[in-house]
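Chains as they are written, first to last, in the working numbering: chain A, 60 to 405; chain B, 11 to 143; chain C, 10 to 188.
Just so it is clear, CB atoms sit at the ideal spot from N, CA and C, and this is done for glycine as well.
All values derive from a computational prediction rather than experimental measurement.
Each remark here refers to the structure printed beneath this line.
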Amino acid sequence: MNNWRAWAGLLAISGLCVLWLLGSPRQEQEATLSETRLLMGTLVSITTWGHTEDESTRVMELAFAEIDRVEAMMSRFLPASAVTHLNNAPRGEKISALPTELLQLIRQGLEIGQMSKGAFDIGLAPLSDLWGFSREPPPEAPPPASDLQHWLTLRANLPDAAIEITPDHQLRLANAAVGLDLGGIAKGYAVDRAMETLLANGVTNALINAGGDMRLAGSKGDKPWHIGLRDPRQPNGVVAVMDIHKARAISTSGDYERFFLANGVRYHHILDPKTAAPARSGLISVTVQATDSMTADALSTSLFVLGEQEGLKLLQRFPDCEALLIREDGSMVQTSGFIATRSRSP
Amino acid sequence: MRLLTLLARTTTPGDRVTMALSGMAIVGLMLSTRGDPGQRGVIYRDNRPLMTLTLNQDQKKEVSGKLGAVTIQVEQGRIRLVEYNSPRLIGTRTGWIQEVGQISACVPCGILIKVEGARPKQPPTVEFDAVSQ
Amino acid sequence: MNGHLTLSPLRQDLLIAYLTAAAVVAHLLEAALPGAGPWFKPGVANVFALVAFLRLGWKAAAAVTLLRILTSSMALGMLFTPGFWLSLAGGCGAMGALALLRLLPNRLLGPVGISLLAALAHMAGQIVMAWVWIIGHAGILSLLPWFLAGSWFSGIVNGVLTFLVLEQLDRHRDLLTAP
Chain A
60 MNNWRAWAGL LAISGLCVLW LLGSPRQEQE ATLSETRLLM GTLVSITTWG HTEDESTRVM
120 ELAFAEIDRV EAMMSRFLPA SAVTHLNNAP RGEKISALPT ELLQLIRQGL EIGQMSKGAF
180 DIGLAPLSDL WGFSREPPPE APPPASDLQH WLTLRANLPD AAIEITPDHQ LRLANAAVGL
240 DLGGIAKGYA VDRAMETLLA NGVTNALINA GGDMRLAGSK GDKPWHIGLR DPRQPNGVVA
300 VMDIHKARAI STSGDYERFF LANGVRYHHI LDPKTAAPAR SGLISVTVQA TDSMTADALS
360 TSLFVLGEQE GLKLLQRFPD CEALLIREDG SMVQTSGFIA TRSRSP
Chain B
11 MRLLTLLART TTPGDRVTMA LSGMAIVGLM LSTRGDPGQR GVIYRDNRPL MTLTLNQDQK
71 KEVSGKLGAV TIQVEQGRIR LVEYNSPRLI GTRTGWIQEV GQISACVPCG ILIKVEGARP
131 KQPPTVEFDA VSQ
Chain C
10 MNGHLTLSPL RQDLLIAYLT AAAVVAHLLE AALPGAGPWF KPGVANVFAL VAFLRLGWKA
70 AAAVTLLRIL TSSMALGMLF TPGFWLSLAG GCGAMGALAL LRLLPNRLLG PVGISLLAAL
130 AHMAGQIVMA WVWIIGHAGI LSLLPWFLAG SWFSGIVNGV LTFLVLEQLD RHRDLLTAP
């Protein structure tokens, strides 16, 4: 009977449709996968492209664990960290048995400090504590001038090697004006370590973003990573776009990240050791592109403190590092190799 | 069999095609949304899941953060961290979130909420992969 | 199974009244049915609207549906409650589908096909109403396929019932058309 044949045909077609729906390959390989954690006092996101969800999740987990490990060693806010142990030790005393990794990073920090003629300083923990930008709730007024003066006086008495690493791998902090604050370098270092973890485990297209310290590898297939640069005066605005499809690290330092206004003055968290106050160099935002995140992190802070002229001079001594500066009046200047596909005045 | 006979008697070929096509469309719809129990808001404290709230049900929950209680509100399929007196509370600036993958956080409280659920077929187009700031 | 009756206006109104009465009874019985919940009912009342549609035309079907919803809601004391608006939205959806189905060639779909499509449109109308007005978020949409599956079955069952009612009606055609 004709009717029954039609029924059977329809049944077969529906069966095929069901099979097709069930069996259609999921297109996750073409998509970006992203995961965010709260680490190092900020939101850390890892994004991958072109990897299966299982693989990506597994490797991201390792990378987050690596950041966690670095933070546990280098945060001055964690009571059990090696840095806290150092800061709590009596001044002038040699501290031994420090992790080689930490000593290595401190050496690099000291080197950049020297090259920047002291604008970059990893020994500012006591001054940071005076200002209290890491406090919760954040401060609403600057510390008393006498406290700052006291710190400046104490610091003037420091020997050249305020932070000294002895040949037998011990470390000594000279006096109470100095204490380790790796905030300007450790976040970048952690991002570098996390990226190395991703690459070593076969994740080749990745973006790590740790609250302004960023490192990229690979691309999104035929598309570059599409990065915005924040408008320093409009939280949701973007002043430049960076389309990047090669291994690169980006770090931005700005006067808008942590700040308060008191009597019409903007007090931000990037402190100038020479004045014991927030740096006023005529710049409000500095973005550095480098090969590694640690260098980008340290240089963006250094350039912010040094200002345009001295800053760009320092930058020239670092190969393959580029910068974009935003001045107080909103005008921008960038070095020739800085990757920005579109930028406009803020 | 008697049912089938009745069905065969009462339907035209057009009816049968309609039944098959609409049935297939519904099965397809079921498969495409399969395993999706609706969206949920997962609350993390120090990156460990603390609780899961279904977004289908309006509710308010207090969770203990590093700096005291944080209120989390679910309303009309959206979730947010309720205003907390800290300029560094990113969650307050984020406001309501409802798309799978969206995140809101109170960094100093150590609290992060994330909308989880079936991954959308068409991932939401975001303007930037990241913003340097 | 398709084909309109030609009746005098009075007989037509009378038939509409009979069908409406039957639809109201079905509606009330279903409302009293335990366990069906507010969300899913077989919707046997729609059988009578379909009979009106197939024998008297779209306007008669719309009249039966509208009168049925109004009368039943009044009887149940739910006039202008959310349940009433849901019913109305469903009715509008089904009527919209019937209006479109008039564009198809006459013999293509029988009562079952028409009932099925009307039932799906009925459910779609209800869901949209629930979504935009009563529930207000997309969570409800994830249940859509399940509701539609229910409508698929009830639409077919009601279609078969419609066919059987029409058979009876046509057997007594002489009573309706007698002068």
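- In this structure, Ala-69 of chain C places its C-beta atom within 8 angstroms of the C-beta atom of Ala-61 of chain C.
- With a contact defined as Cβ atoms closer than 8 angstroms, Gly-164 of chain C and Leu-117 of chain C miss out at about 17 angstroms.
- In this structure, the beta-carbon distance from Gly-111 of chain B to Arg-50 of chain B does not fall below 8 angstroms.
- A residue is called buried once 16 or more other Cβ atoms fall within 10 Å of its Cβ, and Asp-183 of chain C, having fewer, is exposed.
- In this structure, the beta-carbon distance from Pro-118 of chain B to Lys-76 of chain B falls below 8 angstroms.
- Within the segment 151 to 175 of chain C, the residues whose Cβ lies closer than 8 angstroms to any Cβ of chain B are, in chain order, Ser-151, Leu-153, Pro-154, Trp-155, Leu-157, Ala-158, Trp-161, Ile-165, Gly-168, Val-169, Phe-172, Leu-173.
- For Glu-170 of chain A, the three-state secondary structure derived from DSSP is helix.
- Contact between Ser-352 of chain A and Ser-310 of chain A is confirmed by a C-beta separation of about 7 angstroms, below the 8 angstroms threshold.
- In the DSSP assignment, Ser-142 of chain B falls within the unbroken beta strand (DSSP E) covering 140 to 142.
- When the beta-carbon positions are compared, Gly-323 of chain A and Ser-340 of chain A stay at least 8 angstroms from each other.
- The segment 225 to 285 of chain A is shown to contain whole beta strand (DSSP E) runs of 3 or more residues at 230 to 232, 265 to 269, 272 to 276, in chain order.
- Taking a 10 Å sphere around the C-beta of Trp-142 of chain C, we find fewer than 16 other C-beta atoms and assign the residue as exposed.
- For Cys-116 of chain B, the secondary structure class from DSSP, reduced to helix, strand or coil, is strand.
- For Thr-116 of chain A, the three-state secondary structure derived from DSSP is helix.
- Within the same chain, Arg-252, Ala-253, Thr-256 come within 6 angstroms of Glu-125 of chain A by CB-CB distance, once the 5 residues on both sides are set aside.
- Ranked by Cα distance from Ser-361 of chain A, the first of A:Ala-156, A:Pro-332, A:Asn-216 is A:Pro-332.
- Taken through DSSP and simplified to helix, strand or coil, Leu-184 of chain C comes out as helix.
- Apart from the 5 residues on each side of it in sequence, Leu-28 of chain C sits with its Cβ closer than 7 angstroms to the Cβ of Phe-57, Val-60, Ala-61, Val-73 in its chain, given in chain order.
- Collapsing the DSSP output to three states places Tyr-27 of chain C in a helix.
- Separation of Ala-349 of chain A and Phe-377 of chain A (C-alpha to C-alpha, rounded to the nearest whole angstrom) is 9 angstroms.
- For Ala-40 of chain C, the closest alpha carbon among the candidates C:Pro-120, C:Ala-108, C:Ala-84, C:Leu-112 is that of C:Ala-84.
- Under the Cβ criterion of 8 angstroms, Met-11 of chain B is not counted among the residues facing chain C.
- Membership of Ala-200 of chain A in any beta strand (DSSP E) is not indicated, and neither H nor E is assigned to it by DSSP.
- At a cut-off of 8 angstroms between beta-carbon atoms, Thr-21 of chain B makes contact with chain C.
- Closest in alpha carbon position to Leu-126 of chain C, among C:Leu-107, C:Leu-113, C:Arg-111, C:Trp-140, is C:Leu-107.
- Boundaries cannot be given for Val-53 of chain C, as no beta strand (DSSP E) includes it and DSSP labels it neither H nor E.
- Listed along chain A, the residues sitting closer than 9 angstroms to Gly-120 of chain B by beta-carbon distance are Leu-97.
- A contact between stretches requires three or more CB pairs, one per stretch, nearer than 8 angstroms, and the segment 162 to 171 of chain A fails this requirement with the segment 272 to 287 of chain A.
- The beta carbons of Arg-90 of chain B and Ser-114 of chain B sit about 6 angstroms from each other, so the pair counts as a contact at 8 angstroms.
- In this structure the segment 107 to 119 of chain A does not touch the segment 237 to 248 of chain A; the number of beta carbon pairs closer than 8 angstroms is below three.
- In the DSSP annotation of this structure, the continuous segment of the beta strand (DSSP E) that includes Arg-307 of chain A starts and ends at 307 to 313.
- Gly-122 of chain C belongs to the set of residues whose beta carbon lies under 8 angstroms from a beta carbon in chain B.
- For Phe-179 of chain A, there is no enclosing alpha helix (DSSP H), as DSSP marks it with neither H nor E.
- In the DSSP assignment, Gly-78 of chain B is bridged to B:Gly-75.
- When secondary structure is reduced to three states using DSSP, Lys-68 of chain C falls in the helix class.
- For the set B:Glu-109, B:Glu-85, B:Gly-78, the Cα lying nearest the Cα of Asp-68 of chain B is the one of B:Glu-85.
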